[in-house]
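Participant: My structure is below; once you've seen it, I'll send some questions.
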Ligand SMILES: [Zn+2]
C-alpha cells in the first residue's frame with residue numbers, strides 16, 4: 011500500500027511506479043497480514059527502509075512437530091544497504107523469533123530497538139546463533155529518528171508486558187502502527203494503555219491506521235486477564251491430581267497467575283518446554299516475575 015502527500019492513502023491508487031517510489035511511503039507486509047503470526051512490516055520512503063517486527067509463524071501438522079515459518083527475506087536482503095533500522099513492538103515469538111534468521115545476514119551495526127523485556131528475550135535468541143548485538147531499549151518517552159522516519163511510542167496492554175504501538179511520522183503523513191493489543195483496564199502486571207496519548211495523536215491527525223487486535227471483528231469487550239486467575243482458582247480447588255496449564259510461552263502474566271494459584275494451594279510448579287523455561291528465566295531475571 012502507498013501513502014502519498016497529495017492523494018493521501020488509497021489502496022486503489024493508480025500512479026506511475028517511479029512517482030510513488032520518490033513521493034510516497036510504501037508499506038509492505040512480508041508476513042502478518044491476514045494471519046495471526048509472522049509479523050514483519052517494511053516502511054519505505056525515498057529508498058530508505060524501516061523494519062517493524064520480525065516474527066515467525068507456526069504450522070501444526072498432525073502427529074508431527076510444529077514447524078516454524080520464517081518470512082521471505084529476499085526483498086530485504088536484495089536491498090540491505092537501504093535498511094536504516096529495525097524496531098520491535100513487543101517480545102512475542104511472532105514479532106521477534108525471525109531475528110536470528112535475518113540479523114546474521116545484515117550489517118551488525120544496523121540499529122535495533124526494542125522494549126526492555128523484548129530486548130532481553132532477543133538477546134537470548136541471538137546468543138544461540140552466536141550473534142552479539144547491542145539492542146537499544148525503548149519506552150513511552152523514546153523519540154527516534156531513523157532515516158526519514160520519526161518515531162514515538164504508545165504503551166498498550168497485551169499478554170506480555172512492555173508492548174508499544176509506534177507512531178511513524180513521515181514527510182508525507184503520519185501512520186499509527188498498532189500491533190497486538192487489547193484494552194484491559196485491570197491488567198495483571200502492566201499499566202493501562204495510554205489512551206490519552208492515543209487521543210492526542212488522533213487529534214493531531216493520523217493519515218493511516220494499521221491496527222491488529224485478535225478477534226476485534228467480534229462485538230463487545232474481552233474480559234480482563236484478571237479473570238484468568240479466578241478461573242484457575244475455581245478449577246484447582248477440586249483438582250486432586252496434577253493440574254496442567256498451557257499457554258503460549260511468552261504469556262508472562264499468565265505464568266505469574268498460575269504460580270500465584272499454585273502457591274496458595276501448596277502445589278509444586280514444574281515448567282515443561284525449552285521455550286517456557288527460557289521466557290520464565292529471563293522474566294524472573296528482569297524482575298517481571
Ligand atoms: Zn503479541
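Residue numbers (our numbering): 11 to 299. By construction, the Cβ of each residue, glycine as well, lies at the ideal position given by its N, Cα and C atoms. Because the structure is a prediction, the values reported are computed rather than measured.
Give the list of continuous beta strand (DSSP E) stretches no shorter than 3 residues that lie fully inside the region 200-285.
Facilitator: As far as the region 200-285 is concerned, its whole beta strand (DSSP E) runs of at least 3 residues are 218-221.
Participant: Please list, following the chain, all residues that have a C-beta closer than 5 Å to any non-hydrogen atom of ligand 1.
Facilitator: My final list is 102, 190.
Participant: Whose C-beta lies closer than 6 Å to the C-beta of residue 191 among residues of the same chain, with five residues either side of it excluded?
Facilitator: Excluding residues within five positions, the ones whose Cβ falls inside 6 Å are 166, 168, 223.
Participant: Kindly indicate which three-state DSSP category residue 111 falls into: helix, strand or coil?
Facilitator: If DSSP states are grouped into helix, strand and coil, residue 111 belongs with the helices.
Participant: Report, in whole angstroms, the separation of the C-beta atoms of residue 123 and residue 90, which I expect to be a contact under 8 Å.
Facilitator: Not a contact, Cβ separation roughly 18 Å.
Participant: Three Cβ pairs or more, each shorter than 8 Å: is that satisfied between the region 228-248 and the region 200-215?
Facilitator: Touching, no.
Participant: Which word fits residue 99, buried or exposed, when buried means at least 16 other C-beta atoms lie within 10 angstroms of its C-beta?
Facilitator: With 16 or more other Cβ atoms within 10 Å, it is buried.
Participant: Quick one: using the 10 Å Cβ neighbour count with 16 as the cut-off for buried, is residue 265 buried or exposed?
Facilitator: Buried.
Participant: Measure how close the beta-carbons of residue 115 and residue 157 come, nearest whole angstrom, since I'm counting them as under 8 Å.
Facilitator: Residue 115 to residue 157, Cβ: 20 Å. No contact.
Participant: Looking at the secondary structure, which residues open and close the beta strand (DSSP E) in which residue 170 lies?
Facilitator: Counting along the chain, residue 170 falls outside any beta strand (DSSP E), and DSSP gives it neither H nor E.
Participant: Got a sec, what are the start and stop residues for the beta strand (DSSP E) residue 96 sits in?
Facilitator: Unbroken beta strand (DSSP E) run through residue 96: 93-97.
Participant: Taking the straight line between their C-alpha atoms, what separation do you get for residue 97 and residue 258?
Facilitator: About 22 Å.
Participant: Kindly say whether residue 108, judged by its beta-carbon, lies nearer than 8 Å to any beta-carbon of chain C.
Facilitator: You won't find chain C in this structure, because it holds only one protein chain.
Participant: Exposed or buried, residue 283, counting other C-beta atoms within 10 Å across all chains shown (16 or more means buried)?
Facilitator: Flag for residue 283 reads exposed.
Participant: With which residues is residue 155 paired in a DSSP beta bridge?
Facilitator: Answer is 160.
Participant: In whole angstroms, give me the CA-to-CA distance for residue 131 and residue 140.
Facilitator: Each residue's Cα considered, the two are about 15 Å apart.
Participant: Which class does residue 17 belong to by DSSP, given the choice of helix, strand or coil?
Facilitator: Note that residue 17 scores 45 on pLDDT, short of 50, meaning its location in the model is unreliable; the coordinates nonetheless yield the value given after this. Looking at residue 17 - three-state DSSP - the assignment turns out to be coil, as it is neither helix nor strand.
Participant: Taking the C-alpha atoms as reference points, what is the distance between residue 38 and residue 239?
Facilitator: Rounded to the nearest angstrom, the two C-alpha atoms are 39 Å apart.
Participant: Give the straight-line distance between the Cα atoms of residue 117 and residue 219, rounded to the nearest whole angstrom.
Facilitator: The straight-line gap from Cα to Cα measures roughly 31 Å.
Participant: Assign residue 249 to buried or exposed, taking buried as 16 or more other Cβ atoms, counted over all protein chains shown, within 10 Å of its Cβ.
Facilitator: Looking at its Cβ environment, which holds fewer than 16 other Cβ atoms inside 10 Å, residue 249 is exposed.
Participant: Are the beta-carbon atoms belonging to residue 120 and residue 136 less than 8 Å from one another?
Facilitator: No, they are not a contact pair.
Participant: Let's see if you can read the secondary structure: which residues bound the beta strand (DSSP E) around residue 50?
Facilitator: It spans 50-55 - the beta strand (DSSP E) in which residue 50 sits, taken as one unbroken run.
Participant: Can you give me the C-alpha to C-alpha distance between residue 164 and residue 150, rounded to a whole angstrom?
Facilitator: When rounded, the distance between both Cα atoms is 6 Å.
Participant: When DSSP labels each residue in this structure, what does residue 74 get in the three-state scheme?
Facilitator: Three-state DSSP puts residue 74 in coil, outside helix and strand.
Participant: Whose CA, out of 272, 159, 213, lies closest to the CA of residue 58?
Facilitator: The shortest C-alpha separation from residue 58 is found at 159.
Participant: Less than 8 Å between the CB atoms is what I'm expecting for residue 62 and residue 176, so what's the real figure, rounded?
Facilitator: With 8 Å as the limit, residue 62 and residue 176 qualify as a contact, their Cβ atoms being about 6 Å apart.
Participant: When DSSP labels each residue in this structure, what does residue 139 get in the three-state scheme?
Facilitator: Three-state DSSP puts residue 139 in coil, outside helix and strand.
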